[in-house]
Every structure is written in C-alpha cells, then in structure tokens.
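Structure record follows, encoded as structure tokens.
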Amino acid sequence: MTLKSTRANLRAPALAILLAVILICGCSSKKAGLKSPELPARHWLEEAPGVPVENKAKLDAALPNLYDPHKSFDFEECVFLTIQQSPMLVNSAVEIEIKKVALTDAVWKYLPEPRMTLTVSNNLTRLNMDERDTPGDYGRTKLRAGFEASFPNPVATYFEHNVQKIMLNLAIATHRKAVGEAIYDIAKAYLKLQAQRDILAAQKELLPAGKQLIDYWRQVESVAGRQGVALNLARQAQRERELVVEKTNMQEVMDRTNLKILAGVDPRQRFDIDTSNADAILAGFDGPKLRWEDRWQTTEDDLLLRAQVKLADYNIMVAWAQYVPDMRLQINNSPPAGQYQPPHGQEDTFLHFVFDFPLLDWGRRYRGVQTARMQKAQAFHEMSRMRTAYSNKWLSAEQAVALANTELQLQKTHFETAKMQYEEARISYNEGMIELPELEGARDNMLTARIALIQAELEYKLARLAWMYVANVLQERFLGPPAKEFM
7 MTLKSTRANL RAPALAILLA VILICGCSSK KAGLKSPELP ARHWLEEAPG VPVENKAKLD
67 AALPNLYDPH KSFDFEECVF LTIQQSPMLV NSAVEIEIKK VALTDAVWKY LPEPRMTLTV
127 SNNLTRLNMD ERDTPGDYGR TKLRAGFEAS FPNPVATYFE HNVQKIMLNL AIATHRKAVG
187 EAIYDIAKAY LKLQAQRDIL AAQKELLPAG KQLIDYWRQV ESVAGRQGVA LNLARQAQRE
247 RELVVEKTNM QEVMDRTNLK ILAGVDPRQR FDIDTSNADA ILAGFDGPKL RWEDRWQTTE
307 DDLLLRAQVK LADYNIMVAW AQYVPDMRLQ INNSPPAGQY QPPHGQEDTF LHFVFDFPLL
367 DWGRRYRGVQ TARMQKAQAF HEMSRMRTAY SNKWLSAEQA VALANTELQL QKTHFETAKM
427 QYEEARISYN EGMIELPELE GARDNMLTAR IALIQAELEY KLARLAWMYV ANVLQERFLG
487 PPAKEFM
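So this is what it looks like as structure tokens:
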C-alpha cells in the first residue's frame, strides 16, 4: 500500500468525525437560542399547596372579581387573592415544582441507564500488510457497536428517593411559611388602614374649630385694633392641622399601594379595601389560655426541624451506601484474553458483568459517613436552639401585649380626663366665664387625646396580632394545621 492510499484511508474517518462535531454544535446553538419559558400570569402553580380543600372554592373565587368595579375586598378575600397571584410567593411556589421534578428523577434512578457506544477505528500503521494470514479487511476503517448499562447503587437510590420525598414536603412547608408571613403582613395592613380611617376622621373634626377660631380673632383684633399676632398664630395652627390631614391621607395611599404590591395587583389599578370588619381578625384569640409548648408543635418550624433530623438519618445511610460496589453490564465485541478469533474467523459478541470497587479509597467513604453523622448532630442542636428561641419569642409577644394594654389603659384615662375638661370648658363658655380660645384649646386637647387613644388601640391590636402569628393561630385559619410528620 502506498503512502497516498494510506492518507486517503485516514481522511475518511476524520471527515466523518468533523461532520458529526459540526452537526452537534449546530443543534446545541439552535437550542441555546430558544426563548426561556415564562411563568403564567394568573397562577404560579396548578394547585395551591398547603391550602385545605374546604378553602379551594374561596381561593378560585378571589381572582375573577378582581376587575369588578363594584368589588370591595375584605381581609379574607385579600388573603386568598394574595395566595393566588402574589409575586412575593413565586420563589417558594416554583421551588415546589423543582422538587417535584427532582422526586420524579429519583424514581427513575431505580432503572439502569442503557448506553450505546460506536467506535470508528483504523490502523495508524500497516506493519502486518505482508503477512500471509492477514485478513482481507486489514487496514480498513471499521465501525464497532457496543451496549452498556450501569446499575445504580440500590441502597443509595432507595434512600435518595426518600430524601427527595422529604425535600418536596420541605418545599411545601416552606411555601406555607411564606404564605403565613404574607397573611400576617395583610392583617397588619388592614388594622393600620382601619386605625388611619378613624384618625383621619378625628383630625378633620379639628378643621371647622380652627376656622371658627380664625374668625374669632379676626373680629376681636378688628375691634380692639391689635396688630394681628393672635390671628397669625391661629392661621398657622390651622395650616398645621391641614398638613397633618394631608400627611395622613398620603400615608393611607402608601399603605394601600404596599397592600396592592403584596397582593400582586398593579399599583395603578383601582383596588377597594373593606376594613370595616378588621377587628374580626383577632376574634377568638386568647393568648393567655395557650401554652407555648403546645403551640410549638403546630408550627412549620417544628415540622421543618424534625424533617431535618430525619433527612440527616437518610444522608447517613446514603453515605454508608457508597461502600456498595458499582455494577455494569456490557455487550460488545471485545473478547477477554485467550478467546481471540482466528485470523480468518468472525468476531464473537461477549457479555461482561463488571463489579467495580476500589481497593483503597484513603478513607473517603468513612469521612463521608462521619460528616453525615455530624450534620445530624447539628440538626439536633438546631432544633433545641429554635425551640428555645420560640419560647423567648412567645414571652416577648406576651410582654408586648401586656405593655400595649397598659399604654392603652393610660391613653383611655388621658382621654377621659381631656373629655371631662372639655365638658367643663363648654359649660363655662356657655355661661360666659371663658372665651372661645379656651374652649377650642380644650377641644384640641380632647381630640389629640382621642387620636393618641386610637394609636394606642392600634398598637395593642398589632401586639395581639403578633402573638397570634407566633402561636400559628392566624395561619391555621387559612392553611389548616401542618402535617404531623414527613413520610
């Protein structure tokens, strides 16, 4: 064979390999240019995980009424609307879908993965061309096909499957926890909006009295010939009252906008909120009758931490499973030593069952087991730490309610005192014993005390709401109790 023919024989497989590489690159570049899928606009999931069946109808009914011009959302409807479409819950909701795919992937790992190998080979040298027994296909390009299936580690696959079950349940519990935080934020917003409505009404009551006081000083100074100092002060005080009303209005607009953002509504969209029954959020909650030890077992945190301990047990078993040797099944034309075909014979097909395990792994598997054991110890200590932290949080919430209640009683007493002083001033004014500025000053003090009382009532309600959230009572109203255990 000449050098030229040898080069021609080498060029054919090289061109075949080059064409295959170009084809693969072309396919990958086309795939890379595809547009990424987008999340649906209406709902992040086909089903809302963690929501009890009895609440599914309310959940589905929240969204169709969103664009009704006569619709006004109360607290419960706003909660279901938020669960349905809030962007704040996207990450935890999509994480559930990711864990579902991972669970399906873990199930399929029970089966071996068949592979096909194609080998294109040719001689780089032709040292045996002149031998008498050289086969006729000597020096030609050959294509060999083979099959291989690697059996997964049965022990590791079993425990990895159980790990993925727990991971899916952990994702659902984490999503429920995120939904609970959203419910808490919505409840706070409703209570604040209700209080701002009452505060705004009290602040507006000061405006007519301020105008009367301005008219009074205008008449007095026009008769007495004064320089207008009292009139200017009355005008300044009236301007302050108007600015306070404007500030309260703006604060209400901001709170409504934040609520729209939380609920996943366009801030520019009309979104009427009915806060008339906001006090019903706290109905039936009696914190002093509850024990934190009992309520701790109903929280998502306790469930998540217990699942972490169970997950650590599975991880230990997965680490031990690394001692199981790898197993492979191969079908090809590679004969074992001593079974070569004769020069003019045909190649045989062989079945190989291969056990692959290291003779010395330098302690890698043992270190993996020890690491998994230490991670379980960490999970136990974290459970103890979080349980103590929960008891401290419960105590802080209880003390905050007691402090807010004391402040509320103080402001009630202050308001009653201011109210009595105003009544006394009104009687004195009717009898001609005092002038209008003294009467209006007593009225200002009474309304200021009333506003302080409304704010104290709000702080007391917010403190009770925080305690209700810590006790997981608020979340259970919509999500029901968490699972007792992860399977």
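Each position in the sequence shown, counted from 1, maps to that position plus 6 in the numbering used here. Note that the Cβ used here is the ideal one computed from N, Cα and C, for glycine as well.
For GLU211, the three-state secondary structure derived from DSSP is helix.
Within the same chain, ASP362 come within 6 Å of ASP332 by CB-CB distance, once the 5 residues on both sides are set aside.
Under the 10 Å beta carbon count, LYS295 is surrounded by fewer than 16 other beta carbons and is classified as exposed. In the structure shown, ALA193 adopts helical secondary structure according to DSSP, grouped into three states. According to the DSSP assignment, PRO120 belongs to the beta strand (DSSP E) that extends over 119 to 127. In this chain, the beta strand (DSSP E) harbouring HIS358 covers 356 to 362. For MET333, the uninterrupted beta strand (DSSP E) segment begins and ends at 332 to 338. Judged by DSSP in its simplified three-state form, LEU468 adopts helix. In the same chain as LEU149, and ignoring 5 residues on each side of it, the C-beta atoms closer than 6 Å to its own belong to VAL126, in chain order. Taking C-alpha positions only, LEU199 is separated from LEU485 by approximately 24 Å. Assignment of beta strand (DSSP E) within the stretch 97 to 171, counting only whole runs of 3 or more residues, yields 119 to 127, 148 to 157 in chain order. Beta-bridge analysis with DSSP links ILE279 to PHE79. With fewer than 16 other Cβ atoms from the protein chains shown falling within 10 Å of its own Cβ, ALA289 counts as exposed. Rounded to the nearest whole angstrom, the C-alpha separation of VAL360 and ARG379 is 32 Å. Relative to LYS217, the option among ARG449, MET323, ARG241 whose CA is nearest is ARG241. Counting of Cβ neighbours within 10 angstroms places GLY369 among the exposed residues, the total staying below 16.
LYS399: member of the alpha helix (DSSP H) spanning 370 to 436, first to last residue. The beta carbon of THR163 sits closer than 6 Å to those of LYS115, TYR116, all from its chain and outside the five residues before and after it, given in chain order.
Cα atoms of ASN264 and ASP191: separation of roughly 10 Å, rounded to the nearest angstrom.
A direct Cα-Cα distance of roughly 14 Å separates VAL85 from ASN283.
By the criterion of a C-beta distance shorter than 8 Å, GLU248 is surrounded in its chain by LEU213, once the five residues flanking it on both sides are discounted. With the rule of 3 Cβ pairs closer than 8 Å, the stretch 436 to 455 does not count as touching the stretch 254 to 271. With respect to the 9 Å criterion, VAL169 and VAL324 are classified as neighbours on the basis of their beta carbons. Looking only at LEU309, MET474, ASP136, ILE178, the smallest Cα-Cα distance to ILE102 is reached by ILE178.
DSSP, reduced to helix, strand and coil, places GLU258 within a helical segment of the structure shown. Positions of the alpha helix (DSSP H) runs, each at least 4 residues long and wholly inside the stretch 442 to 491, are given as 442 to 476, 479 to 485 in order along the chain.
Counting along the chain, VAL315 sits inside the alpha helix (DSSP H) bounded by residues 306 to 326.
When the beta-carbon positions are compared, ASN411 and TYR466 come within less than 9 Å of each other. The continuous stretches of alpha helix (DSSP H) do not include ARG274, and DSSP gives it neither H nor E. Apart from the 5 residues on each side of it in sequence, ALA201 sits with its Cβ closer than 6 Å to the Cβ of ILE460, LEU464 in its chain, given in chain order. Annotated as distal: ARG297 and PHE277, with beta-carbon spacing of 9 Å or more. One alpha carbon belongs to MET256, the other to LEU206, and they sit about 11 Å apart. Rounded to the nearest angstrom, the Cβ distance from ARG301 to ASN478 is 6 Å, consistent with a contact under 8 Å. Of the residues assessed, LYS490 falls on the exposed side of the cut-off, its CB having fewer than 16 other CB atoms within 10 angstroms. Taking a contact to require three or more Cβ pairs closer than 8 Å, the stretch 312 to 328 and the stretch 385 to 404 qualify as touching. Here HIS76 is exposed, its C-beta having fewer than 16 other C-beta atoms within 10 Å.
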